[in-house]
Each structure stands twice: as structure tokens, then as C-alpha cells.
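For reference, the structure discussed in these notes is given below.
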Amino acid sequence: MLNEYFSSVFTKENYTNAPVPKQIFQGNIQTEGLLDIEITEEMVANKLEKLDVNKCPGLDGMHPKLLFELREELIKPLTKLFNLSIKNGVMPLEWREAGVVPLFKKGNKSEPENYRPVSLTSVICKIMESIVKDNILNHLESFSLINDSQHGFSKGRSCLTNLLVFMEEVTHSLDEGNPVDVIYLDFAKAFDKVPYRRLFSKLRSHGIGGNVAKWIEIWLTNRKQKVGLNKNYSDWSDVVSGVPQGSVLGPLLFLIYINDLDDGIISKLGKFADDTKVARGVSKDSEVDILREDLGKIYQWSVDWQMLFNLDKCTVMHLGNKNSQCEYKMGNIILKKSEQERDLGVLMDSSGKSTEQCIMAVKKANTVLGMIKRNINFKSKDVIVKLYKALVRPKLEYCIQAWCPYLKKDIDILERVQRRATKMIEGYNNISYEDRLRNTGLLKLEKRRARGDLIQVFKMIKGIDKVDYRQFFEIASTEVSHRTRGHNLKIIKDGCKYDIRRHFFSQRVINAWNGLSQFVVDAVTVNAFKNRLDKFDRYFIEGN
Numbered sequence: 002m003l004n005e006y007f008s009s010v011f012t013k014e015n016y017t018n019a020p021v022p023k024q025i026f027q028g029n030i031q032t033e034g035l036l037d038i039e040i041t042e043e044m045v046a047n048k049l050e051k052l053d054v055n056k057c058p059g060l061d062g063m064h065p066k067l068l069f070e071l072r073e074e075l076i077k078p079l080t081k082l083f084n085l086s087i088k089n090g091v092m093p094l095e096w097r098e099a100g101v102v103p104l105f106k107k108g109n110k111s112e113p114e115n116y117r118p119v120s121l122t123s124v125i126c127k128i129m130e131s132i133v134k135d136n137i138l139n140h141l142e143s144f145s146l147i148n149d150s151q152h153g154f155s156k157g158r159s160c161l162t163n164l165l166v167f168m169e170e171v172t173h174s175l176d177e178g179n180p181v182d183v184i185y186l187d188f189a190k191a192f193d194k195v196p197y198r199r200l201f202s203k204l205r206s207h208g209i210g211g212n213v214a215k216w217i218e219i220w221l222t223n224r225k226q227k228v229g230l231n232k233n234y235s236d237w238s239d240v241v242s243g244v245p246q247g248s249v250l251g252p253l254l255f256l257i258y259i260n261d262l263d264d265g266i267i268s269k270l271g272k273f274a275d276d277t278k279v280a281r282g283v284s285k286d287s288e289v290d291i292l293r294e295d296l297g298k299i300y301q302w303s304v305d306w307q308m309l310f311n312l313d314k315c316t317v318m319h320l321g322n323k324n325s326q327c328e329y330k331m332g333n334i335i336l337k338k339s340e341q342e343r344d345l346g347v348l349m350d351s352s353g354k355s356t357e358q359c360i361m362a363v364k365k366a367n368t369v370l371g372m373i374k375r376n377i378n379f380k381s382k383d384v385i386v387k388l389y390k391a392l393v394r395p396k397l398e399y400c401i402q403a404w405c406p407y408l409k410k411d412i413d414i415l416e417r418v419q420r421r422a423t424k425m426i427e428g429y430n431n432i433s434y435e436d437r438l439r440n441t442g443l444l445k446l447e448k449r450r451a452r453g454d455l456i457q458v459f460k461m462i463k464g465i466d467k468v469d470y471r472q473f474f475e476i477a478s479t480e481v482s483h484r485t486r487g488h489n490l491k492i493i494k495d496g497c498k499y500d501i502r503r504h505f506f507s508q509r510v511i512n513a514w515n516g517l518s519q520f521v522v523d524a525v526t527v528n529a530f531k532n533r534l535d536k537f538d539r540y541f542i543e544g545n
């Protein structure tokens with residue numbers, strides 16, 4: 002049943018009306034693009050050294066533990082095999098066979114559409130995929146081919162950078178008194194629906210051709226899969242579209258496929274892999290019309306490139322007090338209105354407050370904390386602190402820079418989880434919270450959030466996170482910096498009218514950042530910055 006459903010979502014590509022992708026003419030990309038790869042023993046050795054021995058093998062039974070232990074003996078033959086595969090455009094059949102593991106998402110467990118197909122493929126093929134991926138990434142980065150709106154599967158980008166960049170524009174528009182409409186879009190089975198001929202044309206338009214494009218075509222075509230449960234397998238089925246979920250190269254190919262979704266779009270568009278959203282200030286009817294036109298272009302793109310949206314899950318959220326709450330259509334379907342939307346795991350509310358996100362985070366954290374309380378008998382300080390740091394606290398701090406609470410009630414319910422966790426330690430029942438923190442070496446969560454804000458600013462300004470910090474901050478001129486104490490990377494502070502902007506990341510962090518010393522901001526690495534920041538804080542706490 003699962004295998005039939007997973008096969009039913011594949012795209013039957015329409016060859017008669019296939020659009021031609023826009024050619025990219027940056028530098029000499031069309032003549033000096035990525036045409037071939039020379040795989041060296043050093044590349045293979047590096048991949049074998051980093052193999053995760055706890056990963057599952059593919060259907061060929063070649064376990065990563067075996068490959069890791071025999072890596073010295075395998076470097077030469079694998080290098081020769083990979084180079085032959087690239088140059089001759091051939092590969093073993095086993096590299097194109099996948100055992101699919103169904104992962105439950107949510108909803109009714111008896112419905113096959115509530116499962117995600119994850120492909121277990123040959124580990125040896127994954128090693129070669131990883132080498133090909135590295136070369137494609139270098140090519141894309143050297144020509145700056147991936148649009149800035151994409152934050153998925155990209156070095157120096159993450160869910161957090163996606164949320165911060167997108168919400169920076171939204172909060173800025175709201176603070177200027179403009180209502181904002183945010184439209185959340187949902188591709189239907191995106192990774193499984195990528196049509197191959199259209200994908201290959203996109204690869205060539207991005208300067209990926211020659212033996213590399215030929216190898217990718219062979220790797221994707223004539224694939225087979227079967228679904229496995231408890232060591233029982235379904236029959237084989239042919240894979241006629243999509244990039245394998247669970248492969249190394251698949252996500253990058255998907256990014257290339259939807260890269261030109263931005264073309265002609267005026268409104269703010271944000272992507273994390275297939276998660277897409279678009280927003281615009283809509284204080285005038287003309288602004289509403291622009292957003293509707295952009296939505297129409299996005300819908301037409303999805304039709305042309307056979308990557309349709311699940312229109313039942315596409316929603317519009319109206320932000321701002323004077324929002325006229327206009328209707329938006331995709332095709333002939335009017336989009337549903339939403340008061341709350343889950344965006345990359347963070348609950349966004351039309352009020353702009355993070356109360357509901359705090360409640361959700363606390364619920365998740367308390368669930369894990371309850372599991373620890375029931376199942377861990379030896380509740381020593383070391384055991385509880387390690388479990389709390391690894392399993393509980395991340396639930397409270399996921400993408401926290403994008404939704405940091407500022408209402409006292411929200412701050413308190415988050416802190417209450419840490420209070421409860423430290424009280425579970427044997428002998429800590431009758432000790433004050435401050436003493437429990439001191440003994441365990443933990444910080445108050447509010448303090449950790451302030452520290453995390455500063456680390457995020459450092460990563461942006463130093464280019465560790467690949468986002469343009471000028472979208473968030475304006476660095477004071479050298480002349481101004483010299484006239485004041487502190488450091489040479491001070492941020493100019495603007496006035497804010499509303500709390501949603503005043504308490505957003507780019508505004509709330511300014512005073513704390515400007516109060517740092519030159520020694521702290523001169524750090525080169527993130528770890529060095531953390532160490533210098535902690536020393537700087539202790540210096541003032543101790544009153545020296």
C-alpha cells in the first residue's frame with residue numbers, strides 16, 4: 002500500500018510544452034562551467050575518514066562500518082571506480098536501487114499519505130555523490146548562482162537566517178505603519194515530483210554540463226525502489242521523477258530546480274528548500290495588486306515546471322492593525338486566512354507576539370523532562386545537567402533569536418522549565434534557584450538569550466553566516482567610533498514605534514553590542530568570541 006502511494010505521486014512529465022530555462026551569462030559560465038571532475042585519492046580518503054559508521058547500509062549490504070575500517074585498502078580502487086563512472090557515464094545497477102523507509106509525519110497513522118519516503122541507497126554511491134556535490138557547490142558559489150532568497154542546504158545559512166531575514170523586512174514595514182500580508186506556500190510532494198527533462202535543462206542553464214551532467218542523468222534515470230517494513234519488502238516500482246529523499250546530491254539538485262522561482266518577483270520572497278513564503282506591505286491598493294501579480298507569477302511557474310502547490314495548505318496571514326484583509330487567489334482557488342502558521346518549526350502569530358510559540362516550546366521541553374524524571378533513577382548533578390543540556394534546553398532555544406519573548410509571563414514560563422530541571426537533582430530540593438544555577442554552572446535562560454543575540458551579530462558581521470548584515474545594521478563611521486568609547490563596529494540605533502519592531506533581534510541587540518570592548522569584537526572565530534564575551538561579562542559582574 003505504501004509503495005503504491007509513493008509511486009502514485011510521481012510526475013508524468015509533459016514533453017510537448019516544456020519551458021526553456023533562462024540562460025545565465027555570469028562570467029564565462031556557459032563555456033567554462035562544470036563539465037568534468039577529476040576525483041583524487043585525497044578526496045576519497047577525506048570522505049571515507051568522515052563516514053558515519055552508525056548509518057544504515059543500502060540494499061547492497063555494504064555497511065559504512067566496514068568501509069570505514071577498510072578505508073586504507075579502499076582508497077585506490079574506489080578512486081579508480083569513481084573516475085571510470087564519471088568519464089564513461091556508467092554505474093552499477095545497485096547505485097540506482099533504493100530501499101524506502103516510511104517515516105511517519107503526523108495525522109492518522111493508517112493513511113499512507115502521512116508518511117515520508119526516505120531512501121536507503123548504496124553508501125559507496127553516496128561517497129561519490131558527496132564528491133560531485135562539493136564540486137557543484139564550488140561552481141555555484143564561484144558564480145553566485147543560487148539566489149539569496151534560498152537558505153536551505155547552504156553553507157552559512159539555516160532556518161534561523163531565513164526567519165531573521167524575512168522577519169526583518171516584515172517588522173520594519175509594520176513599524177512604518179504599513180500592514181503586511183504574508184503568504185505561506187506549500188509544494189505538493191516537492192522532492193518526489195521534480196521532472197527529469199526539465200531538471201536537466203536547468204542544470205545546463207547553470208553551467209553544469211559535459212560528463213557531470215551526463216553522470217547525474219544516468220544516476221537519476223532508470224531508478225527502482227521498494228518499501229521495507231520489519232525486513233519485509235514490497236515489489237519493485239520504477240522511479241520516474243523526483244530526487245531521492247535520503248540521498249546526498251538530491252537536495253542540491255532540488256535547489257537548482259526551484260532557483261528561478263524568484264524571477265520577476267518584486268515582493269519579499271523567502272525559501273528554505275521547498276518551504277516558500279512571500280510578503281509585502283499592503284498600505285495601498287497598488288501594493289495589493291503587486292502582491293497578487295507576484296502570486297500569479299509563482300503559480301504560473303509551478304504550472305510550467307510541473308511543481309504544483311497543495312493549495313489547501315497555502316494560507317495568507319494578515320498583519321497590522323489597519324490591514325484590509327484582501328483576498329488572494331492561486332488559479333481559481335481563494336487562499337485560506339490564518340491567524341497562526343508554523344514557519345520552519347516556529348509558531349508565527351498574526352499578533353506579532355511569541356506567547357503561543359513559548360507555550361509550544363515549554364510543552365515539548367516538559368514532555369522530555371517528564372521522560373527523564375520517570376526513567377532515570379540515578380539523578381546526580383552530572384547526569385541531569387547533561388541530559389538537560391542535550392535534550393531539554395534545545396527545545397526552549399530553537400531559533401530563539403527570531404522569536405525571543407519580551408513579555409514577563411512568557412519569560413517566566415520558559416524559565417520555569419529550567420527551575421524544574423535543576424530541582425530534580427538529588428539534594429537540590431531545598432536550595433534556592435540562584436544557588437542551583439551556581440552549583441550546576443548554568444545561566445538563566447534570559448541571560449543565555451542575550452548572549453546568543455550577541456553571538457548571532459558577530460556571525461553576521463564577520464561573514465560566518467552568509468547573510469548581508471547591512472540588511473539589519475548600519476555600522477557607525479570610523480570618525481564616530483573614535484569619538485566614543487568601546488569598539489569600531491558600533492551599530493547606529495534608530496527609533497521604533499511599536500513593540501514588534503522594538504523587541505525584534507536587530508533592534509534589541511544594539512545597546513548590548515555597542516557596550517562590548519574592542520578585545521571582544523576583534524575575535525576571529527565564534528569560539529574565541531564566546532570565550533572573550535564570557536570573560537568580559539565576568540569582569541563586570543565581579544565589579545573589577
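One rule links them: number in my numbering = place in the sequence shown (from 1) + 1. Ideal Cβ positions, reconstructed from N, Cα and C, are used throughout, including at glycine. Note that the coordinates shown come from a computational prediction; the quantities given were computed from them, not determined experimentally.
Query raised in the report: How about Lys-390 and Asn-212: do their beta carbons lie closer than 9 Å?
Result: no
Query raised in the report: Within 10 angstroms of its Cβ, does Gly-464 collect 16 or more other Cβ (buried), or is it exposed?
Result: exposed
Query raised in the report: Is there contact between the segment 95 to 113 and the segment 49 to 69, where contact requires at least three CB pairs shorter than 8 Å?
Result: yes
Report task. May I ask you to list the residues that DSSP assigns as paired with Thr-316? Result -> Tyr-185 and Lys-337
Requested in this report: With distances taken Cα to Cα, identify the nearest neighbour of Gly-487 among Gly-496, Asp-466, Gln-519 and Ser-507.
Outcome: Gln-519
Query raised in the report: What is the DSSP secondary structure of Gln-246, reduced to helix, strand or coil?
Result: coil
Report task. Write down every uninterrupted run of the alpha helix (DSSP H) in the segment 384 to 442 whose length is 4 residues or greater and which is fully enclosed by it, in chain order. Result -> 394 to 398, 401 to 404, 409 to 424 and 434 to 441
Query raised in the report: Which residues mark the beginning and the end of the alpha helix (DSSP H) in which Pro-118 is found?
Result: Here Pro-118 belongs to no alpha helix (DSSP H); instead the beta strand (DSSP E) covers 116 to 121.
Query raised in the report: Quick check: the segment 128 to 137 against the segment 213 to 227, are there 3 or more CB pairs under 8 Å?
Result: yes
Query - Burial state of Lys-491 (16 or more Cβ within 10 Å) - result: buried
Report task. Give the range of the beta strand (DSSP E) segment to which Phe-168 is assigned. Result -> Residue 168 is actually Met in this sequence, not Phe. From DSSP, Met-168 is part of no beta strand (DSSP E) but of the alpha helix (DSSP H) over 160 to 176.
Query raised in the report: Do the segment 443 to 458 and the segment 390 to 408 make contact, defined as three or more Cβ pairs closer than 8 Å?
Result: yes
Query raised in the report: DSSP three-state call for Thr-41: helix, strand or coil?
Result: coil
Requested in this report: Grab me the residues of Ser-174's own chain with a C-beta within less than 7 Å of its C-beta, minus the 5 sequence neighbours each way, in chain order.
Outcome: Val-181 and Gly-282
Report task. Run the proximity test for Lys-127: is its beta-carbon closer than 8 Å to any non-hydrogen atom belonging to the ligand ATP? Result -> Among the ligands in the structure shown, none appear at all, so the ligand ATP cannot be discussed.
Query - Extent of the continuous beta strand (DSSP E) to which Asp-1 belongs - result: Past the edges of the chain, shown from 2 to 545, lies residue 1, and the structure says nothing about it.
Report task. Inspect the beta-carbon positions of Phe-144 and Pro-252 and report whether they are closer than 9 Å. Result -> no
Query raised in the report: How about Lys-225 and Val-240: are their beta carbons less than 9 Å apart?
Result: yes
Query raised in the report: Between which two residues does the beta strand (DSSP E) carrying Asp-276 extend?
Result: 276 to 282
Query raised in the report: Using the C-alpha atoms, what's the distance from Ser-9 back to Lys-51?
Result: 36 Å
Query raised in the report: So, helix, strand or coil for Ile-209, using DSSP?
Result: strand
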